[in-house]
Structures are given as C-alpha cells and as structure tokens.
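For the protein sequence lines, the chains are A and B, in the order given. First residue of the first sequence: 1, per the working numbering; consecutive thereafter. First residue of the second sequence: 1001, per the working numbering; consecutive thereafter. Cβ atoms here follow ideal geometry from the backbone N, Cα and C, with glycine treated the same way.
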Amino acid sequence: MFSALIGRELRSHLLTYRFGLSAVLLFTLIVGSALILGFTYDRQLAAYSETKSAREQKLSESTDFQSLRWQGMQQEKAPNALSVFAVGLERELSRSVTISSRQPKLGRSKYSSALYTLFPPPDLLYIVNIVGSLLAVLFAFNAISGDHEDGTLRLVMSNAVPRHMVLLAKWLGGYLALMVPFFAAILLALALTSALTAFQLTGDEWVAFAAMLGVAALYLSVFFTLALAVSVYTRRSSTSLVVNFLIWVLLVLAIPNVAPIVARAAVRIPSPGAIAGERDAIRTAAFSSMRGNWRNLSREERDALRAKADAEVTEKTERLLDDYTRRLDTQVAAGVALARISPSSSFVYATASLAGAGLDDYSGLRKYIDRYRQQYLDAIETIEQARRQQTEGMDREERDEIREAPVDADDLPAFVPQRRPMADVLAANDIDILLLVVLNGVFFLVAYVGFLKFDLVG
Amino acid sequence: MLRALILKEWLTSLLELRFVVCAALCVILGIVSVVVLRADLEARRAEFSQNQSLYKDQAQEYGSFRQLERQGVRVDRPPQSFQVLFYGVEKTLDRTAVVSDDFLPGFEGDLNTNPAVLLFPVADLLFVVAVVLSLLAFFISYDTVAGERESGTLMLLMSYSVPRDLIIAAKWIGGYLSLALPFLISLLVGALIISLSADVPFTTTDWEAFLIAGGVSLLLLAVMFSIGLLVSVRARSSTTSILSLLALWVLLALVVPNLGPYVAELVSPVPDVGQVEREIALRSKQIADTYQADWGSIRARMRGLSREERAAFFTEIRAQREEMQQEINKVTADVVRDFESRLARQTDVARVLTRVSPVASFVYANTDIGATGVRHEERLINHLRTYQREFVRYVSEQTQGQGGFGWDGGGGGGGDEYSIDELPAFAYRNDDLGSRIDARIVDVLLLVLFSVAFFMAAFVSFLRSDIN
C-alpha cells in the first residue's frame, strides 16, 4: 500500500510542468555552473604552476639571505578542486602572501574584476541555497492543500489508509521527485567537469564532496518538510504559496544576509589597518629606542640590543594579536550564532567548511601562515649558519661563491596548508548539521500533528 | 473608462493576501536594511576618523622623512554614504592602503578580518529591489490575465464594449501601481531614516542621486512587471505562468548577473596578478641591473674624496637613482596600464554579456549612480595613485638638500625638524552626478527599452489572444 502511495505521488509529480521545468533548470544551472567554474579552476591551476616555477627559478639564480628575510617570498596555496562546487571564501584564501621577517602581506585578489564583489559566485552552494530551496518549496506547497482543493485527498482517505502513511508517502514521493533530477544533474556535472577540465578529487575530497551532497539533501529536505507543514495548515494552496514564500524570503534572503553586518555593527573591533599600524608602531618604537646609542657600542653589545628589541617586538606583537584575534573571533561567532536562526546559514557554513573554504579554514590559514613564517625564517637561519661554518677560513672569493650559491627549494619548508581532517570538519560543524536534522524532525512532526487533525470536509 | 479599469485592477491587487504579505515583507526588509547598514556606516565612519588620527600619530613616530618615505603612511578607504542603500563594492575587506615610495599603492587585504560577510550577499535596498521586489513583480502579474481567463472574469469583461487595448493598459497601470507602492513606502521611510541620522551625511548631490536611483528602480520594476504580464497573457494557465516566471526570475535575478564575471574571465582573459607582478619585477630588474653596474664600486670611488666632492658625488648618485626610479616607474605604469585596460575590457565584456538580464543593468546603473560600484573603485585607486605622487613630492621637498643616498638605514634626514603637520591628507571626492549617469546611460536606456518592448509584446499578444 505504502509503495503504491509513493508511486502515485511520484507519478503525479513527474507528469507536471513543474517537474519538467525544475529538471531543466537544475540541469542547466548545476552543469553550467560546474563547467564554468571548472574552466576557471583550470586557469587557476595553470597560473599556480607558473608562479611556482617562477619562484623556483628565482631561487635557483643566486641567494641573498638579507633579501630572503626582508623582502621574503611570495607563497600561495594550491587551488582547491572543491571550489568548482563551493567557492566559499576561496577568493580570499587563494591570495598570495608574502612571507618575510615583517608581518605577512596579502597579495591582490586573483579575482581582479570589481564585478566579483558585486555578485556572489554562482556555484552549487548558491544554487542549492537559493534555487534548490525555492524548488523544494514549490514541490511541496500544495501537497496537502492542493489535494484537498481538488478533492483527491478525500478520495485517498476513503480507502483504509492510515493518515501517517499518506503523509509519509507524500513526503517521500515529492522529495524523491525533487532529488532525482538534482542528483542526476550533479552526476552529469561531475562527469563533464572531470572529462573537460582538470578537476580531479582525491580520496579525502571525495568524502568531503559526498558529505556536501548529504548536507544539501538535508537542507532541501528542511524546506520541503517546512512547505509540507505549511500546506497542512493552510487550506488553500494559494495561501500556502504566499506563506511559504514569506518564510522562504526571510530564511534564505533576509536573515543570513543581514546577520554578519548586524554582528559587525554590534560587536565592534578595531580595523585590521589599525592593528597593522600598531604592529608597525611597536617595531618602530623598539628599534628607534635601540638606536639611541648605537654608534658607541661594540658588535656584541649591538647584537644583544638587537636580540632584546626583537624579543620585545615579538612579545608585544603577540599580546596585541592574541587580544585582537580573540575579539575578532567573538565578532565572527556572534554573526554565526545570529545567522543560525536560518537553516540557510547552517547549510552555507557547513558546506563551505566541507569544501575547505569556510570560516574555520580562514582562521586556520592565518595560523598556518604564522607557523610557516617561523619555519621559513628558521630554515633560512639554518642554511646561512651552515654556510657560514662551512666557509670559515676560506678566502673571500671562495667564501662568497658558497654563501651566495642558490638555495635548494627543497631546503625551504613547502607552503602546503593541509585540508583539515574530515573528523575535525564534521566536529566543527556538528551544530549546523544537527540543526538541519532537528529542523527536519520538528517540521515533519508539526506537519504530522496538523495532518492528523486535518478536517477533510471543511 | 480607463480610470475605472485601473482602479479595479489596483483594488483587486491591494485586497489580495499575497499583495499584503509581500508588500509588508518588502517594506520591512527595506527598512531593516537601511537601519542595519546605517549602523554599519556609523561604525565605519567612526573607525575612519579614529584611524586617520591614529595613522598620522604613527607616521609622526617614524622620526625621519626617510623612514616615512619607506614605511609610508596608512590611508583608509573613505566610507561611502550611499552604502546605506547600495552596498556594492564596499563589501570588500581590502580597506587600508600604505602610501609610501612604492609607486602603485592599492588597498590591501588582511587575514585579520571577519570574512563572514563574504559568504552571503548583503541585504541592501539594491538586493531588496533586484531580488525580492522583482519576485513580487512576478507574483503580482502572473495571473493578471491568465487568472482572469481561468476564472471567466475576462470573458465577462470583454462582453462589455471595452477595447482590448484599454484593458491591457489598465492591467499594466493598475498592477504596476500596486507594485510601486511598497517600494515607494520603503524608499520614503529610508529617506526619512537617512535624513534623521547625523552620521549619514547626504549632500544635495546624494539626494539627487537618491531620486535618480529611485527612478531607475521603478524602471526595473516596470520591466519585470511587463515580463510578468507578457507571460501571463501567453500562458495557458496561471500555474504555468507562475512556474515559468519563477524559472525566469531565477535566471534573470540570480544567475545571469552572477555568471557574468566568470564567463568574461574565460572569454576575455586577463593575466594572473602574479604574472603581472613578475613582469614588473623582471623589467625593473633589467633597468636596475644597468644602473647597478655603475654603482658597484661606489665605496672605492668615494675613498680619498674631500667633503665637498663627496657631497657632489652623492648628489650625482642621487640624481641617477631618481632617474632609475623614474624609468622603473614608467615600465611599471606601462605593464599596469596594459593589465588594467584588459581588465576594463573584461569588465565591459561581463557587462555586455549580462545585460540580457535587466537586473544586471539595474545593479550596474544604481551602484555607479550611488558611487559604490566598479567606477567608484577605479576612481578610488586612481585617487590613491595621485595621492602617492603628492606624498612623494612632499617628502622629497622636505628632504631636499640632505646628504646621503637614503640607504643608510634611515637614521639621518629630518631629525629634529621632522614634523608631518603639512603632509597632504588623502581627500577623495566622488565624481559629479552627471558623469556617473553618463557612464551608465546605456543601462538606463536598456531598462527603458526592455520595459517598452515587453509591454508592447504583452499588448500585441493580448490583442491577438483567444480569451477562451
């Protein structure tokens, strides 16, 4: 009986104009966006390998330790294959960063055109978040109220079918009708991008991608179930559509988009420019006080003074940054917490994190750069020391030849920010996933209770 | 007769639940967006003025003009008042530039920022009109004809001696008036909030821009409503009509404008930023190498020179150094100009491609009219470069006559006389409104053209349609 009900529900969807249109829309958007972003990924890969070989070429010419320290080296992380499906914060994360003894300096965005700032990227994340949720609402808004209006609900209920089974069949049938073209479009997009572009996923990335699809399915189910619940409580499908539309606009278009700005205005912190200025000021103050009596000091005294100033700068800078990042994290957390009123935000946070371009990856990169900078400076120090020891007692020409010989790129630490392990990502986003699961349950329960009390005659 | 018909259409819309709900939503969203963005602007303005004095104090601490030239003075992106309505490129996190002897300054990013805002579009009035109100336009128009045809009222109406052109004109005017109402209310309340807030300094030009932007928004609504009416005339049922319109809405408001920059990147590629930097570094190195060959033996040549001869020697070397810098600046400017002209071409390609969507034209027009768009970004960077030249001129005026190469670790130069009270401030002024409108006139005209074309199409379709 149950399967007959699901079959009926599924057929009633498949034969509609709505289904055809949605399928065409999903295929066009998902495949089109994956291909376009796939080609963009190709270009990024090419630029990345060009930059890498240019860096190695520069290193192979000769070595000036002073400039390696002061001017430093530009590093950038490898392009993220999953950005083909969820760009997230990749535009920011993909910037190059100059690693030197001074504070790390971010390069210009690779997304040079200012138009990128005007519009959000049309990736799968965006399509599911906005178009997918809208389609979910459209598939369910008249599930009960529509059947009630045209009398089929009464006809179904005149058979010996328990109500919960009817509701479950409606849910399952409609949800399947939505998800089948969705997954088919994703499969096609995967196949085409793999065939036509350099897009390839590794083992861990496949798991992340599967998890992204799982979260998308959960998210779409939230809106489908919500629309079903609204459909139970509104007796006319036109009313159901209006109420659903209202909720959808609030949850998808209003709350997530307002929350970060509200948090920024509510929890105020100094601007990064002010902090960078303070860092410079700490350095300037320490070194200018050091230079007061510079000329009259011996070499050892100068070294000691320099070491003292360095220690002072490090300590003060660390204190400043610790305090600042704590306040920054509070601001970010406030925005995230506020936005989580809407399942759309939970979906975006979780998916961007799974794709390796979420808020945690952003702060993770910041920490990685700090660690890397230290490793880099240590490596240079070690190489220089080793060469100094090696050349002791040699004549000037020989000594210079060894000291200025090119540094082997392999002797410097590689700049490879790692993807966080899946367990960590899931643990960090458990609230978002849990919220989506809970909302599904709650909305289904609300729909169930309403349907049990549904008056078929009225 | 027309008046009676318009009134009927208008009242029909106004009395419907969908209108009340959607209109209330638009008004609330519009107001909330202005209130929230006003708070954001207030915070930014406070931060801007605080930072201005902070940066000046920090520059004062350098203690010498040489140090100032090398380390530079920080400049923040001036907050744009119009961000309360159209956030546009103000969303960027690159807010601070360091103006130093570096020839091409730019606003720099920093990882110590809150990136959450980049994950979502900002809910400003631009978004409310482009996304929510255009959806409302479809919501109001989808059954204007299709619905009446289904319920039979259209046949009833046609049984009177009313010409069809009057009916369709009345439907357009009546429906459009109901659509414009919530928009005008949120615009008015927005204007009230802005004018009551001391922290949003709207000038007369800003108010003029506000009115024009309001007009452009009304044009977009006219286009979207005309499209809705056309689909409603041609659709067989109101369900088909609303579904087709929703699909169209997704494409026009959500997808086409967003795809623009990505497609343009593929159609009209620009070199990677790293590639441009490498090119500059390579060409600068070539120039520097030719000069450095001469400077190799400076220490040897200085030996045995008298004090006066040394001073003359320094002056000569300094002149050479400036010459080299100018040459480097010139090739840098060439490379950057080439990159920027290709980037501008790419932006134009993106604009042309996305102009099939009236929403894209609307966004381009209103962000530029409000000076929060791509044009503003370009002008801001140009201003920053001009300021850098002023800065360098100022520093060189202050350091003139002082010896050394400026390579001596920054200890010398200035000393007790170091004061930056007269350091020019970075003053950015928006373009005049006429030029902003001129720049976006194509988009405004396109909106006019679209609305006329779609209305005419709806009109002709209705004249030829079978009311049964």
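- Could you tell me which chain B residues have their CB closer than 8 Å to the CB of A:Val258, listed as they occur along the chain? Within 8 Å Cβ-Cβ: Val1032, Ser1033, Val1036, Ala1123.
- Task: Could you tell me if B:Met1155 is buried or exposed, where buried requires 16 or more neighbouring beta carbons within 10 angstroms of its beta carbon?
- Result: With fewer than 16 Cβ atoms within 10 Å of its Cβ, B:Met1155 is classed as exposed.
- On the premise that B:Pro1261 lies in contact with A:Tyr116, defined as a C-beta separation below 8 Å, what is that separation, rounded to the nearest angstrom? Contact holds; Cβ gap of about 5 Å.
- Within-8 Å CB hit, A:Arg18 to chain B: Cβ-Cβ to chain B under 8 Å: yes for A:Arg18.
- Message: Considering Cα atoms alone, identify which of A:Arg299, A:Glu300, A:Val84, A:Ala286 is closest to A:Lys316.
- Response: Comparing Cα-Cα distances from A:Lys316 to each of A:Arg299, A:Glu300, A:Val84, A:Ala286, the minimum goes to A:Ala286.
- Specify, as a first and last residue, the run of the alpha helix (DSSP H) that A:Val437 falls within. Here the alpha helix (DSSP H) through A:Val437 covers 430–452.
- Contacts that B:Phe1127 makes with chain A (C-beta to C-beta distance below 8 Å): Among the residues of chain A, those whose CB is under 8 Å from the CB of B:Phe1127 are Leu253, Asn257, following chain order.
- Query: In chain order, what residues of the region 1262–1291 of chain B put their CB closer than 8 Å to some CB of chain A?
  - Reply: Within the region 1262–1291 of chain B, the residues whose Cβ lies closer than 8 Å to some Cβ of chain A are Tyr1262, Val1263, Ala1264, Glu1265, Leu1266, Pro1269, Val1270, Asp1272, Val1273, Gly1274, Gln1275, Glu1277, Arg1278, listed in chain order.
- Message: Would you say A:Gln331 lies against chain B (beta-carbon separation less than 8 Å)?
- Response: So, interface residue.
- In whole angstroms, what is the alpha-carbon distance linking A:Leu135 and B:Ala1097? When only Cα atoms are considered, A:Leu135 and B:Ala1097 end up about 44 Å apart.
- Message: Please report whether the beta-carbon of A:Thr325 lies at a distance below 8 Å from any beta-carbon of chain B.
- Response: Taking Cβ atoms only, chain B reaches closer than 8 Å to A:Thr325, which makes this a yes.
- Query: Any Cβ of chain A within less than 8 Å of the Cβ of B:Tyr1142?
  - Reply: The Cβ of B:Tyr1142 sits no closer than 8 Å to any Cβ of chain A.
- Task: Indicate the three-state DSSP secondary structure (helix, strand or coil) for A:Arg373 in the structure shown.
- Result: In this structure, A:Arg373 counts as helix in the three-state DSSP scheme.
- Query: For a contact meaning CB atoms closer than 8 Å, what does B:Pro1105 contact in chain A?
  - Reply: Neighbours of B:Pro1105 on chain A: none; closest Cβ ~12 Å, over 8 Å.
- Message: Which residue marks the beginning of the alpha helix (DSSP H) containing A:Asp42, and which one marks its end?
- Response: 17–61 is the span of the alpha helix (DSSP H), which, as asked, contains A:Asp42.
- Near-chain B residues of the region 105–124 of chain A (beta-carbon distance less than 8 Å), N- to C-terminal order: Residues Lys105, Leu106, Gly107, Arg108, Ser109, Lys110, Tyr111, Ser112, Ser113, Ala114, Leu115, Tyr116, Thr117, Leu118, Phe119, Pro120, Pro121, Pro122.
- Spatial neighbours of B:Ser1241 within its chain, please: CB distance less than 7 Å, with the 5 preceding and 5 following residues excluded, ordered by chain position. A distance below 7 Å between beta-carbons, with the five flanking residues on each side excluded, links B:Ser1241 to the following residues of its chain, in chain order: Tyr1142, Asp1143, Ala1146, Val1231, Ser1232, Ala1235.
- Thinking B:Glu1061 and A:Thr284 are a contact (beta carbons under 8 Å), I'd like their distance in whole angstroms, please. Contact flag correct, Cβ pair sits at about 6 Å.
- Does the distance from the CB of A:Asn80 to the CB of A:Glu92 come in under 8 Å? Their beta carbons are not under 8 Å apart, which means A:Asn80 does not touch A:Glu92 by this criterion.
- Query: From the beta carbon of A:Gln375, is the nearest beta carbon of chain B less than 8 Å away?
  - Reply: For A:Gln375, not one C-beta of chain B is nearer than 8 Å to its own C-beta.
- C-alpha distance - B:Lys1330 paired with B:Pro1105, whole-angstrom precision: Distance between the alpha carbons of B:Lys1330 and B:Pro1105 is about 15 Å.
- Query: Using the beta-carbon of each residue, which ones in chain A are nearer than 8 Å to B:Arg1074?
  - Reply: By Cβ distance, chain A contributes Gly273, Ala276, Gly277.
- Alpha carbon of B:Gly1415 to alpha carbon of B:Gln1067, nearest angstrom: Unreliable placement is indicated for B:Gly1415, whose pLDDT of 48 sits below 50; the coordinate value is still reported in the next sentence. Approximately 11 Å, taken between the alpha carbons.
- Message: Does the region 1028–1041 of chain B come into contact with the region 1123–1142 of chain B, if we say contact requires no fewer than three beta-carbon pairs (one atom in each stretch) closer than 8 Å?
- Response: Yes, the region 1028–1041 of chain B is in contact with the region 1123–1142 of chain B.
- Query: Quick one, which of A:Val449, A:Val207, A:Ser12, A:Ala333 has its alpha-carbon nearest A:Ser231's?
  - Reply: Looking only at A:Val449, A:Val207, A:Ser12, A:Ala333, the smallest Cα-Cα distance to A:Ser231 is reached by A:Val449.
- Message: What are the residues in the region 48–59 of chain A lying within 7 Å of chain B by C-beta distance?
- Response: Cβ contacts with chain B come from Glu50, Thr51, Ala54.
- Item | Presumed contact (8 Å Cβ cut-off) between B:Met1324 and B:Phe1313, rounded CB distance | That pair is no contact at about 16 Å.
- Query: Mind checking if B:Gly1412 is an interface residue toward chain A, Cβ cutoff 8 Å exclusive?
  - Reply: At B:Gly1412 the pLDDT is 44, less than 50, meaning the model places this residue with poor confidence and gives no usable figure here.
- Residues that A:Gln74 bridges to, as DSSP identifies them: Per DSSP, A:Thr98.
- Item | Bridge-paired residues (DSSP) for B:Thr1205 | Looking at the DSSP assignment, B:Thr1205 forms no beta bridge with any residue, so it has no partner.
- Other residues of its chain near B:Phe1454: CB distance less than 8 Å, five sequence neighbours each side excluded: Result list for B:Phe1454: Val1223, Ser1226, Ile1227, Leu1229, Leu1230, in chain order.
- Query: Cα-Cα, which of B:Ile1437, B:Asp1431, B:Thr1386, B:Ser1419 is closest to B:Val1099?
  - Reply: When each option's Cα is compared against that of B:Val1099, the closest is B:Thr1386.
- Task: Check the DSSP bridge columns for A:Leu106 and list the partner residues they point to.
- Result: When DSSP reads this structure, A:Leu106 sits in a beta bridge with A:Val97.
- Query: In the structure shown, what three-state DSSP assignment does B:Phe1107 receive?
  - Reply: Residue state for B:Phe1107 is assigned as strand, using DSSP reduced to three classes.
- Query: Are the CB atoms of B:Gly1370 and B:Val1089 nearer to each other than 8 Å?
  - Reply: When the beta-carbon positions are compared, B:Gly1370 and B:Val1089 stay at least 8 Å from each other.
- Message: When you compare the CB of B:Arg1095 with every CB in chain A, is at least one pair closer than 8 Å?
- Response: Residue contact check for B:Arg1095 against chain A: a CB pair falls below 8 Å.
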